[in-house]
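**Q** Chain order of the listed sequences is U and G.
Note that our numbering gives residue 72 to position 48 of the first sequence, counting from 1, and the numbers run on in steps of one.
Note that our numbering gives residue 450 to position 55 of the second sequence, counting from 1, and the numbers run on in steps of one.
All C-beta atoms, glycine included, are put in the ideal place defined by N, C-alpha and C.
Could you have a look at this structure, given as structure tokens, before my questions?
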Amino acid sequence: MSVQTHNQELEFRPSGTRGGRWWKEVSWRHLVGVLGGIYAMFPLLYVLSTSLNPGATLAGSNDLFRVISGENYSALGDTKFYTWALNSLFISTVSAVATVLMASAAAYAFSRFRFKGRRSSLTALLIVQMFPQMLAVVAIFLLLLALKEVYPFLGANNQFGLIAIYLGGALGTNTFLLYGFFNTVPMEIDEAAKIDGASHSQIFWTIILRLVTPILAVVGLLSFVGTFGEFIIAKTVLSQSDKVTLAVGLYQWASDERNAPWGLFAAGAVISAIPIIALFLFLQKYIVSGLTAGSVKG
Amino acid sequence: MSISRGAAEHDSGAGTGTKAPIVDASPARNFRPGFVAKIILMACINAFGLYGLLAAWSTGTWGVFAGLVIALIAANYVYFSRRAIPGKYLYPGLLFLFTYQLFTMAYTGYVAFTNYGDGHNSDKGDAIEQILSYNESRVEGSAAYPVTVVKDGDGNLGFAIVQDGVAKVGTAEKPLEEASGAQIEGNSVKGVEGFTVLPFAQIVENQQEITNLRVPFSDNAEDGSLRTQDAMNAYQFRSTLEFDKATDTMTDTATGDVYTANGETGFFTNADGKNLTPGWRVSVGFDNFTYMFTDSRVSGPFFSILTWTFAFAFLSVATTFALGLFFALVFNDPRVRGRKFYRAILILPYAFPGFLSALVWKGMLNERFGFVNEVLLGGNGVQWLSDPWIAKFSILMVNLWLGFPYMFLITTGALQSLPGDVMESAKMDGASPWRVLRSIILPLLMISTAPLLISSFAFNFNNFSLIYMLTGGGPNFTGSPLLIGSTDILISMVYSVAFESGVKQYGLASAVSILIFIMVGVISWLGFRQTRKLEEY
Chain U
25 MSVQTHNQEL EFRPSGTRGG RWWKEVSWRH LVGVLGGIYA MFPLLYVLST SLNPGATLAG
85 SNDLFRVISG ENYSALGDTK FYTWALNSLF ISTVSAVATV LMASAAAYAF SRFRFKGRRS
145 SLTALLIVQM FPQMLAVVAI FLLLLALKEV YPFLGANNQF GLIAIYLGGA LGTNTFLLYG
205 FFNTVPMEID EAAKIDGASH SQIFWTIILR LVTPILAVVG LLSFVGTFGE FIIAKTVLSQ
265 SDKVTLAVGL YQWASDERNA PWGLFAAGAV ISAIPIIALF LFLQKYIVSG LTAGSVKG
Chain G
396 MSISRGAAEH DSGAGTGTKA PIVDASPARN FRPGFVAKII LMACINAFGL YGLLAAWSTG
456 TWGVFAGLVI ALIAANYVYF SRRAIPGKYL YPGLLFLFTY QLFTMAYTGY VAFTNYGDGH
516 NSDKGDAIEQ ILSYNESRVE GSAAYPVTVV KDGDGNLGFA IVQDGVAKVG TAEKPLEEAS
576 GAQIEGNSVK GVEGFTVLPF AQIVENQQEI TNLRVPFSDN AEDGSLRTQD AMNAYQFRST
636 LEFDKATDTM TDTATGDVYT ANGETGFFTN ADGKNLTPGW RVSVGFDNFT YMFTDSRVSG
696 PFFSILTWTF AFAFLSVATT FALGLFFALV FNDPRVRGRK FYRAILILPY AFPGFLSALV
756 WKGMLNERFG FVNEVLLGGN GVQWLSDPWI AKFSILMVNL WLGFPYMFLI TTGALQSLPG
816 DVMESAKMDG ASPWRVLRSI ILPLLMISTA PLLISSFAFN FNNFSLIYML TGGGPNFTGS
876 PLLIGSTDIL ISMVYSVAFE SGVKQYGLAS AVSILIFIMV GVISWLGFRQ TRKLEEY
């Protein structure tokens, strides 16, 4: 188990562990790896295989990779799939950009200004973020009914209404993360800029934001992934079939027990999963470090 | 908005901008492009807000009106005051936070104590209007008006008739009024300014809508309305009920029954206990909460759901953590070649969008055609999703597949940061690997992962999409008036009660939400306390 010990052994015997010792202590780990890999992969391979099987139904999808054809993928063009994909892309992008802007502005205020209620607001944010927005899904729905009377574009069945709801969670989830990073930018830089005559907004836009750009990108992408997979609020708010997001649309396809367009669903799932998986592998270390960094503070 | 206001009053403590010479910094004297942009932006915001105020005023949405007034005053104060600098940065985020998170939480609390839902959707005035219009029938012996079906610029259907030689037109929203520039032929209207006359083909197409159309004679619901059955002749319909404001009663003119308004149930009720629908929204106190615990048809399922929610959340964390830790321990050995490759494969389920995984598994677990039954088990028809206990098991298994990579990631990270010397000395003291794991690795691991386990618990406590997509909460409890099932967790119960149980019961659903709020709060509080204890230890 111990990293140190084995390194020492390696130094003594440059050829590494070989023979009986290897079989006893290492080989089974490869076996576990292969079995674990199969366990992790097989539902994904199943989707891939189904997506390549033309006219697949649930019953006809069990022979993996029997037929390989791009028919399902080209058939997606005749469905609303790409409308849904664009909807999801639009909603998630706008939410992500606005989230980053609002959360970093708030983090700037908390990090650079001292005002009454600063500490208690930070604590309040910490408490608020414990309660996921979806717990109030009924009240959100009723609020949209009222808002529809005043601003129709913020009402039910409108994508801007959905984006506005997502932005309600922007401060709670991201301010803390950004606040921590803003604090690592030394105050001396601000002060130097101030002496040179920079205003607080110039310091924010041209100094602080530039210095933490990579973090902003990560927060934005994480928010994008989160919004992309959000289901309950999207399902409550959007009902018209050409306005829904991918999550809601694909759910409608797959939940149709009898004549689910299973091949189409699989092809759509593959297309919508690829960018997310790519983003995820790219962001993996930030996700883990971000999570543990947050936890240490308790 | 208290934060921004508080911020304004005490900004002097910031020590940031105060040293700059104030006169030079005044935007009124020192005109910069940024200032112009700000003025334009604020003008747009105020115009937008003002439009909203007018719209809220005209539709009588007073809650929105009040919220807008506060938001606008705060915006103008924060962005034009020279003291509220932190407020300038906090305002946009706080506006959304207050509206869509804090307000909705508070509103959930309010709705939980009302009977809001189908049959009690609105206030008493609306309910009276609707009761009057639902109970209309043709006025005996009234005249038949040859009717012309018309459509206005927005596509709303309406009727045009000739009454006492005057052409009148109206839609469902706009009561009949004298039409300007109408062409009259005999006793029917041939054309009205601002409306198009519907050709016969379109009348046939919109038959349903036209026979349901109700054009009021005036703003007063008691004057009745104009309706048609055949798009040829329309008749005056009037309510068979009469509302008496002084006694707050409805009287049925045909039978003579008197319905009295009951402020506790939100219905007009007659002596026999018969209610007129719809009712209106009233406060019901703790009824929604006691209903869950006392009505035996609901309390049984409710307690079973409550237990399952905790069991599901706990078992999910326990199983995913165990499997994730197992993989992490196995691959935390530098002698294993290709560890990076194994790790990349193992986290794929976590990278795959969660809603898709649930749907794919739903397909694979299908009883008759699914991959698991057909291929892996040779067609033996296990009821993966339709037997109460097996469905619970399936949910845990699917969540294990979804969740172990996350635990694998965090335990791998935590294992790599464990102090090597401690473990080495344990080994030198002759501790077996099992003993090292139990007495050293696990306790140390718990310190860094406990908060994540608790947040994972809280996440699974509300893991709506998994449950909803995999089983939809089913198999359903029989004999319960609510559409809830044995794999439902509290949050999916909320959704079902509010939107899918046939009769929408927002009040009851909000009451369940409140219970979740309390439980999540307690769990998080315990979590924080536990974390602190572990860190001290």
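Could you have a look at G/Ala409 and say whether DSSP puts it in helix, strand or coil?
**A** Any reading at G/Ala409 needs caution, since the residue's pLDDT is 40, under 50, leaving its predicted position unreliable; the model's value is listed next. Helix at G/Ala409.
**Q** I'd like to know whether the C-beta of U/Gln264 is nearer than 7 Å to at least one C-beta of chain G.
**A** So, not an interface residue.
**Q** Against G/Ile480, what residues of chain U qualify as contacts under a CB-to-CB distance less than 7 Å, listed in chain order?
**A** The contacting residues are Phe137 and His224.
**Q** When the Cα of G/Pro876 is compared with those of G/Pro696, G/Asn657, G/Leu848 and G/Phe803, which residue comes out closest?
**A** Of the candidates G/Pro696, G/Asn657, G/Leu848 and G/Phe803, the one whose C-alpha sits nearest the C-alpha of G/Pro876 is G/Pro696.
**Q** Can you give the Cα-Cα distance for G/Pro828 and G/Tyr745, rounded to whole angstroms?
**A** If you take the alpha carbons of G/Pro828 and G/Tyr745, they lie about 30 Å apart.
**Q** Between the stretch 643-663 of chain G and the stretch 548-564 of chain G, are three or more C-beta pairs nearer than 8 Å?
**A** No, the stretch 643-663 of chain G is not in contact with the stretch 548-564 of chain G.
**Q** Quick one: using the 10 Å Cβ neighbour count with 16 as the cut-off for buried, is G/Lys483 buried or exposed?
**A** Buried: at least 16 other Cβ atoms inside 10 Å.
**Q** Any beta carbon from chain G within less than 7 Å of U/Glu35's own beta carbon?
**A** Annotation note: pLDDT 42 at U/Glu35 (below 50); position unreliable, coordinate value reported separately. With 7 Å as the cut-off, U/Glu35 does not count as an interface residue toward chain G.
**Q** Write down the C-beta distance between G/Ile836 and G/Asn857 rounded to the nearest angstrom, noting that I regard them as a contact closer than 8 Å.
**A** At roughly 31 Å, the Cβ-Cβ gap does not stay under 8 Å, so G/Ile836 and G/Asn857 are not in contact.
**Q** In this structure, how does DSSP classify G/Ile398 when only helix, strand and coil are distinguished?
**A** Only weak support exists for where G/Ile398 lies, its pLDDT of 40 falling under 50; the value from the coordinates is given anyway. Three-state DSSP puts G/Ile398 in a helix.
**Q** Please go through the same chain and pick out, in chain order, the residues whose beta-carbon is closer than 8 Å to the beta-carbon of G/Trp457, but skip the five residues on each side of it.
**A** Counting only Cβ-Cβ distances below 8 Å, and skipping sequence neighbours, we find Ala451.
**Q** G/Gly680 by DSSP, collapsed to three states: which one?
**A** In the structure shown, G/Gly680 sits in coil (DSSP, three-state: anything other than H, G, I, E or B).
**Q** At the level of alpha carbons, what is the spacing between U/Lys104 and U/Val272?
**A** One C-alpha to the other measures close to 12 Å.
**Q** Chain U beta carbons: is any one of them nearer than 7 Å to that of G/Tyr737?
**A** Yes, because at least one Cβ of chain U sits closer than 7 Å to the Cβ of G/Tyr737.
**Q** With a cut-off of 8 Å on the beta carbons, I'd call G/Ala507 and G/Ala906 a contact; round off their distance for me.
**A** Indeed they touch by this definition, with Cβ atoms about 4 Å apart.
**Q** Skipping 5 residues on each side, what residues in its chain have a beta carbon closer than 7 Å to that of G/Asp389?
**A** Look at the range of chain G in this structure, 396 to 932, and you will see that residue 389 of chain G is not part of it.
**Q** Does any residue of chain G have a CB that is nearer than 7 Å to the CB of U/Ala80?
**A** Closer than 7 Å: no.
**Q** I need the straight-line Cα distance from U/Ala407 to U/Ala291, nearest angstrom please.
**A** Summary: the structure shown does not reach residue 407 of chain U, with chain U confined to residues 25 through 322, and so no result is reported for it.
**Q** Determine the extent of the beta strand (DSSP E) in which G/Tyr654 is found, giving its start and end residues.
**A** That run of the beta strand (DSSP E) goes Val653 to Asn657.
**Q** Going by CA-CA distance only, name the one from G/Gly880, G/Thr689, G/Met687 and G/Phe662 that's closest to G/Arg676.
**A** It is G/Phe662 whose Cα lies nearest to the Cα of G/Arg676.
**Q** Can you round the beta-carbon distance between U/Leu88 and U/Tyr63 to whole angstroms, since I take them to be within the 8 Å contact cut?
**A** Wrong, their Cβ atoms sit about 15 Å apart, outside the cutoff.
**Q** For G/Ile417, does the count of other Cβ atoms within 10 angstroms reach 16, so buried, or fall short, so exposed?
**A** Residue placement at G/Ile417 is poorly supported in this model, since its pLDDT is 44, which falls under 50; the coordinates are not used for a value here.
**Q** Determine the extent of the alpha helix (DSSP H) in which G/Asn628 is found, giving its start and end residues.
**A** Unbroken run through G/Asn628 is the beta strand (DSSP E), Asn628 to Ser634; no alpha helix (DSSP H).
**Q** With a threshold of 16 other CB atoms inside 10 Å of the CB of G/Ser620, please say whether the residue is buried or exposed.
**A** That one is buried.
**Q** Can you say whether G/Lys899 is buried or exposed, counting buried as having 16 or more other CB atoms within 10 angstroms of its CB?
**A** So G/Lys899 ends up on the buried side.
**Q** Could you check whether U/Val124 and U/Gly244 sit closer than 7 Å to each other, using their CB atoms as the reference points?
**A** Cβ atoms of U/Gly244 and U/Val124: closer than 7 Å.
**Q** At a CB distance below 7 Å, what residues from the stretch 201-213 of chain U approach chain G? Give them in sequence order.
**A** Under the 7 Å Cβ criterion, the stretch 201-213 of chain U contributes no residue.
**Q** Compute the Euclidean distance between the alpha carbons of G/Asn855 and U/Leu149, then round it to the nearest angstrom.
**A** Cα to Cα, G/Asn855 sits roughly 22 Å from U/Leu149.
**Q** Exposed or buried, G/Ile862, counting other C-beta atoms within 10 Å across all chains shown (16 or more means buried)?
**A** Counting Cβ neighbours within 10 Å, G/Ile862 comes out buried, since at least 16 surround it.
**Q** Applying the 10 Å Cβ sphere with the 16-neighbour rule, what's the burial state of G/Asn775?
**A** G/Asn775 comes out exposed.
**Q** Return yes when the Cβ of G/Phe736 is within less than 7 Å of the Cβ of G/Met802, no when it is not.
**A** No, these two residues do not count as a Cβ contact at 7 Å.
**Q** Determine which residues of the stretch 79-104 of chain U have a Cβ less than 9 Å from any Cβ of chain G, and write them out in chain order.
**A** Within the stretch 79-104 of chain U, the qualifying residues are Thr81, Leu82, Ala83, Gly84, Ser85, Asn86, Asp87 and Leu88.
**Q** Is G/Glu580 helix, strand or coil when you go by DSSP?
**A** Residue state, collapsed to three classes: strand.
**Q** Which same chain residues, not among the five before or five after G/Gly520, have their C-beta less than 6 Å away from its C-beta?
**A** No residues qualify anywhere along the chain.
**Q** Between U/Ile115 and chain G, is there a C-beta pair that is closer than 7 Å?
**A** No, U/Ile115 lies away from the interface with chain G (no Cβ there is under 7 Å from its Cβ).
**Q** Starting from G/Asp647, trace the beta strand (DSSP E) in both directions and tell me its first and last residue.
**A** Thr644 to Asp647 is the span of the beta strand (DSSP E), which, as asked, contains G/Asp647.
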